[in-house]
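2 protein chains.
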Amino acid sequence: MSSQPPHPALLIPGPIEFDDQVLQSMSHFSESHVGAPFVKTFGETLTMLRKLFQTEDPASQPFVISGSGTLGWDQVAANLAEPGDDVLVLHTGYFADSFADCFETYGVKATQLKAPIGDRPQLDEVEKALKEKKYKLLTVTHVDTSTGVLSEIESLSKLVHKVSPETLIVVDGVCSVGCEEIQFDNWGIDCVITASQKAIGCPAGLSIVMASGRAIKSFQSRKVPPTSYFGSWKNWMPIMQNYEAGKPSYFATPSPQLVHALHTTLTQITSVPLADRFAAHRKASQKVKKAVADLGLEQLAAKPENQANGMTAIYLPKGMTPPDVLPKLMKRGVVFAGGLHKQIATQYIRFGHMGVSVTDPNRDDIDRAIVALKDGITEAQQATDLSAR
Amino acid sequence: MSSQPPHPALLIPGPIEFDDQVLQSMSHFSESHVGAPFVKTFGETLTMLRKLFQTEDPASQPFVISGSGTLGWDQVAANLAEPGDDVLVLHTGYFADSFADCFETYGVKATQLKAPIGDRPQLDEVEKALKEKKYKLLTVTHVDTSTGVLSEIESLSKLVHKVSPETLIVVDGVCSVGCEEIQFDNWGIDCVITASQKAIGCPAGLSIVMASGRAIKSFQSRKVPPTSYFGSWKNWMPIMQNYEAGKPSYFATPSPQLVHALHTTLTQITSVPLADRFAAHRKASQKVKKAVADLGLEQLAAKPENQANGMTAIYLPKGMTPPDVLPKLMKRGVVFAGGLHKQIATQYIRFGHMGVSVTDPNRDDIDRAIVALKDGITEAQQATDLSAR
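Listed in order, the protein sequences are those of chains F and D. So for the first sequence, the UniProt record's numbering puts the first residue at 1; every next one is plus one. So for the second sequence, the UniProt record's numbering puts the first residue at 1; every next one is plus one.
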């Protein structure tokens, strides 16, 4: 029995439903942020992140900072790039535009390589772009929350290492870490930024970053100091290293409650093989995508190899808009999200299938949502037909 | 009966002890950050902040952003100052040095006006400084968490308005909002930055800012765009205005759980006259300060008019260091903090007396802490005497 009161199942692409124990950790009694018990909790949390990212290189550096996923962009732009640097932003939707904005804020020149909606830049296009100009780093949105498009990180990273070996590979994993595999070391990734509230299954409020030894070296050899203060690794790196070494340290006050919740969910995640977790997400995703196809609906990500495993962006039947459908889903106890990609926001809805809704065998969120989607769309169609008479 | 398990009373100058209801709000079930229920909660929270700051000017703009108090500095440096601007930083301890660092990060020239440890810059010194150079803004730490020094905001603001009327008045209220009076409108303040985890009584993880209509106008007439992305008011202002108007809006995902907790504590705070709240803090502070004097100990803030009402920084007897005393207090069930001011960190301890520990009549935290302090110091003295033999 859940200790949470009855409520509609939150099946948007983040925040997601939370495990009872994780939520209870949010109510942890007050502790000093520099006292031994919390230092231990924070240190263990950082160490568990290494497992989640599958990195065993001691030079890799995790960061957990109060903020949202967006703060990860500032960390990249202000620590890994310098004013005047060129960076290449692979564009799969809303989030690349914003990441590019962030770079420009810090005086970094962002070149976007855009794919048509629902697709991702192809490797040969990336290769061509990398040969045309020297880029300090390349960013890729692993799963674009606005389109449900999955990018292929391993082959992309291999390509970058071959064609432009000095270019750092930065992955926006806000909607992928915890539900899509990331082999940080094996794939040669330099930085992944993510947030607490998606497939990691912790309430929102934490910016989570993993940086490679190579990224840290690049940071340490900057010509100018970091261009953000709150997001500066110069300020945070000693703090993270001290916490992980069990030593109290202070730059800005962390959120003990959120860190406790992150500790709880990471303990759960790392207690089973990661491969099982990713397989569970693939299986649930296949079920959702089959149901969507059975309803005669199409995904924004048309090609199967482009489709994320933690969410599905679904085109509505012609003439139907999110406000026609979302309240009918809510009535049936499930919350989906509307469109986010500016050009087509009124034409589609988003279904998040991540975390406990997928991995907890006592939950039937996904099955209920599939039924609700079918019934809700049917009801909306009937209403549309009636109003068209 | 508290629903929290037995634990040592956290009496550091933030985070502080939390009310049961506030902590329970941290476990709120997952909600969409753009769904009607949460939009209402967030909107009401912003409106209650106006009450806490005693501002009725509709042009005042509250901000609540995931982050720590430090993010407020970035917001000031990146939105209210421009690269090349001069700003005057009144120095009462550790936090002015860091705020100045933050300004320099954003290319803003910070001039510090320093006071001796335990004191604050005097009005005639401030007047002289303001007459020497044109400053875009002046910052003052209302209560310096490193020294327990209270600054006098009303007369300072009056002086700035008289001597340099174009200079914006920025108050670092991280350790003052909720326990020291701030009449935002009446005193003519332009910006107060604070955090959730001190006298506001909400767990850490939120940066809270109130900006005046004048500050917003100054921001809107910038020559260059804001120099932070995550901390940019250009990105956040429409979001805050929409939430307060009951309209969903998205820039970066807020933390619904933390905002619920903030909503709960602000509901409690604004349900009684603010004057009573400030009086309760003054009363508890007087009790603590009398006990400190009775023990023959001195405060860092020697002059009564310099002494904060939410914390006390206490010099230890000569030869005694925080590690001699803090474990003896912990053994007695109370947690104090060590020194933070770099030059004298080993010579003093800090006692926070804010929030429910002061306002909840069912709690005896302060009385217990006073007894523990007396007994702990005595025990430490005996140990020192023994080892000196």
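For glycine and all other residues, C-beta sits at the position ideal for the given N, C-alpha and C. Bear in mind that the values here come from a model prediction, so they are computed numbers and not experimental data.
The Cβ of residue 14 of chain F sits closer than 8 angstroms to at least one Cβ of chain D.
Residue 172 of chain D has D/141, D/193 as its beta-bridge partners, per DSSP. Contact annotation: in the stretch 310-330 of chain D, no residue has its CB less than 7 angstroms from a CB in chain F. Neighbourhood of residue 257 of chain F in chain D, by CB distance below 7 angstroms: 26, 203, in chain order. By the C-beta criterion, the stretch 115-127 of chain F is judged not to be in contact with the stretch 231-248 of chain D, since fewer than 3 inter-stretch pairs fall below 8 angstroms.
In the DSSP assignment, the residues bridged to residue 350 of chain F are F/313, F/337. With a threshold of 8 angstroms between beta carbons, residue 102 of chain D makes contact with chain F.
Within chain D, the residues whose beta carbon sits less than 8 angstroms from that of residue 35 of chain F are 335, listed in sequence order. For residue 31 of chain D, the chain F residues whose Cβ falls inside 7 angstroms of its Cβ are 10, in order along the chain. Taking a contact as a CB-CB distance under 8 angstroms, the pair residue 57 of chain D and residue 172 of chain D does not count as one, their CB atoms being some 21 angstroms apart. Around residue 229 of chain F, the beta-carbon contacts reaching into chain D at under 8 angstroms are 70, 73, 74, 77, 101, 102, 105, 106. At least one beta carbon of chain F lies nearer than 8 angstroms to the beta carbon of residue 17 of chain D. At a cut-off of 8 angstroms between beta carbons, residue 66 of chain D contacts chain F.
Listed along the chain, the chain D residues whose CB falls inside 9 angstroms of the CB of residue 254 of chain F are 68, 204, 205. Residue 243 of chain F and residue 237 of chain F have their C-alpha atoms roughly 10 angstroms apart.
Bridge pairing for residue 105 of chain F: absent [DSSP].
With a cutoff of 8 angstroms on beta-carbon distance, residue 301 of chain D and residue 350 of chain D are scored as not near each other. Selection D/36, D/22, D/231, D/13 evaluated against residue 34 of chain F yields D/13 as nearest (Cα-Cα). Those residues of the stretch 181-197 of chain F placed with their C-beta closer than 9 angstroms to a C-beta in chain D are 195, 196, 197, ordered along the chain. For residue 159 of chain F, the enclosing alpha helix (DSSP H) covers residues 153-163.
Judged by DSSP secondary structure, residue 130 of chain F falls within the alpha helix (DSSP H) whose first and last residues are 123-132.
Excluding its 5 nearest sequence neighbours in each direction, residue 161 of chain F has C-beta neighbours in its own chain below 7 angstroms: 188, listed in chain order.
Interface criterion met: the Cβ of residue 23 of chain F is under 8 angstroms from a Cβ in chain D. Each of D/310, D/323, D/296 was checked against the Cα of residue 374 of chain D, and the nearest Cα belongs to D/296.
Per DSSP, residue 208 of chain D is not a residue of any alpha helix (DSSP H); the beta strand (DSSP E) it occupies stretches across 206-211. Chain F places a beta carbon closer than 8 angstroms to that of residue 4 of chain D, counting this residue as a contact.
Within chain F, no residue has its CB atom less than 7 angstroms from the CB of residue 165 of chain D, the nearest being about 29 angstroms off.
Within the same chain, and ignoring the five residues on either side of residue 209 of chain F in sequence, the residues whose Cβ sits closer than 6 angstroms to its Cβ are 63, 72, 75, 193. If you check the CB distance, residue 280 of chain D and residue 359 of chain D come in under 8 angstroms.
Of all residues in the stretch 273-286 of chain F, none comes within less than 9 angstroms of chain D when Cβ atoms are compared.
DSSP places residue 305 of chain D within a helical segment (H, G or I) once states are collapsed to three. Inclusion of residue 204 of chain F and residue 68 of chain F in the CB contact set at 8 angstroms is warranted, their separation being smaller than that value. Residues 376, 379, 380 of the same chain have their beta carbon placed closer than 7 angstroms to that of residue 328 of chain D, with the five preceding and five following residues left out of the count. Pairing residue 59 of chain D with residue 213 of chain D, the inter-Cα distance amounts to about 4 angstroms. In the DSSP assignment, residue 266 of chain F falls outside any beta strand (DSSP E) and lies within the alpha helix (DSSP H) extending over 256-269. When DSSP reads this structure, residue 63 of chain D sits in a beta bridge with D/209.
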